[in-house]
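In terms of full-length UniProt numbering, the sequence shown has 33 at position 33, counting the first letter as 1, and numbering is strictly consecutive.
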Amino acid sequence: AVRETANEQVPYNIQGYLDEFSKALASEVRILLGEVGKLREERRALQHEIGYLLCMRSKYGPGGEFEPDW
């Protein structure tokens, strides 16, 4: 009788721990997804800026559109 009672209580305790772990994990995942999104936007902005700088370099560099003739 004692073992049956213990076996009945174990799944509930495990389920409680699993629920707590799932909640903690979900909040961590939410935070990490937010950080990943922010990093992706920063990367996109940097790529845009690099593209603009390369464009300016090609225009003002040797053989570029604004190279003086003298």
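In this text, a Cβ means the ideal position worked out from N, Cα and C, and glycines have one as well.
Because the structure is a prediction, the values reported are computed rather than measured.
For residue i, the three-state DSSP class (helix, strand or coil)
| i | result |
| --- | --- |
| residue 34 | helix |
| residue 66 | coil |
| residue 80 | Nothing in the structure corresponds to residue 80, since the chain is present only between 1 and 70. |
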